[in-house]
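Per our numbering, residue 65 is the first one in the sequence shown, and the count goes up by one each step. Here a beta-carbon is modelled for each residue, glycine too, at the ideal position from N, C-alpha and C. Quantities reported herein were computed from a predicted structural model and do not represent experimental measurements.
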Amino acid sequence: MASQLIENKLKLLPERAGCYLMKDVNGKVIYVGKSKNLKNRVRSYFKSSQEGRRAELVKNIADYDIIVVDSDKEAFLLEVTLIKKYQPYYNVALKSGTGYPYIKITNEKNPQTCLTSIVYKDKGYYFGPYPNVYAASATLKFIQKVFPLRRCSGYTGRPCLYYHMGQCLGSCFKEVPQSEYDEQIKKIKRFLNGDIQEVKKDLTNKMLQASADLEFERAGELRDQLKYIEETVEKQKIISNDHTQRDIFNYYVDRSWISIQVFFLRQAKLLRRESHMFPLTDETDPEDEFMSFIAQFYAQKNRVKPREVLVPKGIDQDELAAAIGIKVRTPQRGQKASLMEMARENAQLKLDDKFRLLELGQRKTKGAQEEIFKALGLPYGSYIESFDHSHIQGADPVSALVVFKDGEPFKTGYRKFKLKGEVEHQNSADEVGNTREVVRRRYSRLLKEHERMPDLILMDGGQIQVEACEDVLRNELNLDIPVAGMVKDDKHRTNHLLYGDPFKGQPFKLIPMDPKSEGFYLMTRIQDEVHRFAITFHRQTHAKNSLVSQLDSIKGIGPKSRTKLLREFGSLKKIKEASIDDLRKAGLTLTQAQAVKISL
């Protein structure tokens, strides 16, 4: 029987082609499949009785994810890439296979075309992979006939058979000019990239002529050749025809939330994707928030930068490129533009699913909160508070607090904290200091104002954070509030609660949460929400401090002028777009306004 989480997600499946990734209780991908109709295929796993190996698979499914594409063929190609990447336990058929063939133009003095199942870094040209091996082989033979390069083993001093058949340029007995090879390679690349109209027209005319001459066997061969060419050379958005490392970003906005998709193209394959969602304030420009996200995305430690970043229309490419130090482009048409649209569709799908899942989940919110208290052995309480910290390599450290009342976010109770000073490195000691400071500030204020205390505090972390919180509550504030930690595994996924009360002689212990339970779902919601709130506050703080820093560097702009600019325009982009007159209307002198325009 499917969990409530899966039952809810099944209601949201689109009737689109794509791939699905089945995951176990630890979040590990255990099966990858594809379908021309994701709704029907994924539902079939849980809506009918299964037998044998498939029954075993279904029993181990704790969650799933989907990626939508435009056609069944694209789904097939993506499935191959995902299986090779994740090596899922239940994909025995494709996991151990040799892979699908590529058509290769070799990088030699006398190049040739051939089939290969392995892509080497040898500066050769690779096209594919092609799921229909027979069609790929037939297309290669056609290329060798129509666009000949070298078909023999090399120089022998006399023409080979293929030369006499017009399928070899003759390197077997003479020096072939490089220009001849270059011209043929240019034609082959154009052909394999989809420019097949002239070839199709020629083959169609020959087929019709053969049929008119009653040469039906010949007409059938030409018909098959046409079919193989169309199948092999059909445009494939999932596989790129060059090996440039690219990250593709696109976004979708709805109900003051932004959903961002990142596609990672490596070795001409879509290797993985990331999804990010967070709310927008009323004053936030989605394009500004999108650019800020990308800048901070590459500011993260150990983030590998690609050769090129692709973004949608409307984004300032030069400004973004200067911020991240990577070439930025906006594709206008063709394969990359289609990938960009695919990223947008997946961003929309993720956000739509989030809203509908929240609506479905709200029916059992109180019951989910009861499960958390029951797992900890505590009587039910209405209020849960949770803390999280955020910074980038110690800069602009902040903390955030979220409140859940009867299993639902109680947003009027949310609080933000700017932490005192900065830390150079994020380690356990810093976590302790941050935790102690924010807990002390929060609950000493509640005591002073005689406000209601929470029934449970959930820390986004382990024993270090829990002990720091309990120490301040008990030893400094004389408060007895239960504190538990939301503990992540080595793959950064929460799967346990850490709870104990050393002051009452109860040692800490890990309490597993059933990932199919509503309590587990609520726990992850709380953790996601406090993390989102902390990250959003940090972005705002960091952006404001960065803007202040840039304005401070302008000669003649002091604190008062800076305040005027911030109050009037709010963002660096709007200040840059402002005219001299606009800046003067904001209270700047002519000299100051000119200095701002020159500096920015």
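Asked, Found
"For Y109, the residue or residues it bridges with in DSSP", "Beta-bridge pairing links Y109 to no other residue."
"Under 9 Å between C-beta atoms of K480 and P461", "no"
"Nearest to F572 (by Cα), restricted to the options A659, P546, F584", "P546"
"Reduced DSSP secondary structure (H/G/I, E/B, other) of K391", "strand"
"Burial state of T653, where buried means 16 or more other Cβ atoms lie within 10 Å", "exposed"
"C-beta contact flag for L374 and L403 at 9 Å", "yes"
"Exposed unless 16 or more other CB atoms sit within 10 angstroms - verdict on K205", "exposed"
"Contained beta strand (DSSP E) runs [length at least 3] in the stretch 312-378, N- to C-terminal order", "321-330, 333-343, 372-374"
"Backbone secondary structure at A439 - three-state DSSP", "helix"
"C-alpha gap between D382 and V392, whole angstroms", "7 Å"
"Ranges of the alpha helix (DSSP H) found wholly within the stretch 65-96, counting only runs of at least 4", "68-74"
"Neighbour-count burial assignment, H489, 16 or more Cβ in a 10 Å radius", "Summary for H489: the model assigns pLDDT 43, below 50, so the residue's position carries little reliability; its value from the coordinates is reported in the next sentence. Burial call: exposed."
"Sequence-distant residues of the same chain with beta carbon closer than 7 Å to P165, five excluded per side", "L179, T180, S181, G192, P193, Y194, V197, A200"
"Residues near F690 in its chain [Cβ-Cβ closer than 7 Å; skip 5 each side]", "In the structure displayed, the chain extends from 65 to 664; residue 690 sits before or after that span and is not available."
"Given G564 as reference, the closest of N101, C533, K173, D311 once Cα atoms are compared", "C533"
"For Q570 and L537, the rounded distance between their alpha carbons", "17 Å"
"Buried versus exposed call for N539 [16 or more other C-beta atoms within 10 Å across all chains shown]", "exposed"
"Through-space distance from E247 to G230, alpha-carbon basis", "16 Å"
"Cβ shell of R371 (< 8 Å), same chain only, five flanking positions each side left out", "T308, Q309, R310, I390, K391"
"Buried or exposed by the 16-neighbour rule on C-beta atoms within 10 Å, applied to Q242", "exposed"
"Per-residue DSSP class, three states only, for T655", "helix"
"Buried versus exposed, by CB contacts within 10 Å (16 or more), P343", "exposed"
"Cα-Cα separation, F280 to Q273", "10 Å"
"Rounded separation between V487 and D494 - CA only", "Low local confidence applies: a pLDDT of 43 at V487 is under 50, so the model's placement there is unreliable, and no value is given."
"Backbone secondary structure at N269 - three-state DSSP", "helix"
"Distance, E513 Cα to S463 Cα", "21 Å"
"Beta-carbon proximity check, A598 vs D416, cutoff 9 Å", "no"
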